[in-house]
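Numbering (my numbering), first residue to last: 225 to 462.
Worksheet: one structure, shown below.
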């Protein structure tokens, strides 16, 4: 009779992904090896390949876990006792160290969202990452639908897709752009986390102008932004 496995499947998976993070930190997202993961995890190569068949699987799996953590935090932001437009702006005001899982979050996100990466990974992990993104998109869509149904968004459903695309693109694009520029000018190391934005930051003012261009019952004032920051602080998100 074969001996019982030393670790349960869940424990093995956790060991593998903890080892993968260490292997990447010791080399890079491109240079880590599957053998290094096995060695750091204290498992055989066969055990590792039961969960991830290639390096692309490792990266997609880590990205999926990163997106799942972001979902958790964004849901927390969207449930804060604020108006809907305030909660939209709150996503840009939170401390992004609260959603960072790895020192290489930004680089990982850039790598996994490419056709080459998606073609090489196993369907299992790709499906999980896509499903995770769909849940996030659906959560925000339902959030806006609720605002329309309650009358808070006076224009109803007709602006929802536009608000979704515009605010999400501005929030995500801004942090990527700022990081690149700060790295170029030596103000931020590649592995450092962007600090929370001040209420009068240019991006926040731009987001305020964008959000207020839609037909809300209550527009977002400068005082509302300061109150939103305080609400995030009280929730441990800033």
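No residue lacks a Cβ here, since even glycine has one placed at the ideal position from N, Cα and C.
Practice item. Give a yes or no on whether the C-beta atoms belonging to residue 239 and residue 283 are separated by under 8 angstroms. Key: No, these two residues do not count as a Cβ contact at 8 angstroms.
Practice item. Quick one: measure Cβ to Cβ for residue 299 and residue 391, integer angstroms, because I've assumed they're closer than 8 angstroms. Key: Not a contact, Cβ separation roughly 16 angstroms.
Review point. How about residue 297 and residue 336: do their beta carbons lie closer than 8 angstroms?
Key: Not closer than 8 angstroms, so no.
Point to revise | Residue burial classification, residue 280 (beta-carbon count within 10 angstroms, cutoff 16) | key: With 16 or more other Cβ atoms within 10 Å, it is buried.
Review point. What did DSSP end up calling residue 456 once you bin it into helix, strand or coil?
Key: In the structure shown, residue 456 sits in a helix (DSSP, three-state: H, G or I).
Check your understanding: Within 8 angstroms (strictly less), CB to CB, does residue 292 reach chain C?
Key -> Here chain C cannot be found, since the structure has a single protein chain.
Point to revise | Coarse secondary structure for residue 394, derived from DSSP in three states | key: DSSP places residue 394 within a helical segment (H, G or I) once states are collapsed to three.
Check your understanding: Looking at the structure shown, is residue 377 part of a helix, part of a strand, or coil, going by DSSP?
Key -> Note: residue 377 maps to strand in three-state DSSP.
Exercise for review: Out of 434, 242 and 278, state which residue places its alpha-carbon closest to the alpha-carbon of residue 343.
Suggested key: It is 278 whose Cα lies nearest to the Cα of residue 343.
Exercise for review: Please look up how many angstroms separate the CB atoms of residue 353 and residue 288, rounded, as I've assumed it's under 8 angstroms.
Suggested key: Yes, residue 353 and residue 288 are in contact; Cβ-Cβ is about 4 angstroms, under 8 angstroms.
Point to revise | Contacts around residue 432, its chain only, beta-carbon distance under 6 angstroms, and the 5 residues preceding and following it disregarded | key: Correct list, in chain order: 444.
Review point. How about residue 361 and residue 308: are their beta carbons less than 8 angstroms apart?
Key: No, the pair does not count as a contact, with Cβ atoms beyond the cut-off.
Practice item. Would you check if the distance between the CB atom of residue 248 and the CB atom of residue 328 is smaller than 8 angstroms? Key: In contact: residue 248 and residue 328 (Cβ atoms closer than 8 angstroms).
Review point. With distances taken from CA atoms, which of 274, 254 and 245 is nearest residue 264?
Key: Ranking the options by Cα distance to residue 264, first place goes to 245.
Check your understanding: Just reading off the alpha helix (DSSP H) that residue 298 is part of, what are its end residues?
Key -> Start and end: 279-302.
Point to revise | Beta-carbon proximity list for residue 260, same chain, < 6 angstroms, skipping 5 on both sides | key: Taking residue 260 as the centre and dropping the five residues before and after it, the same chain places the C-beta of 247 closer than 6 angstroms to its C-beta, in chain order.
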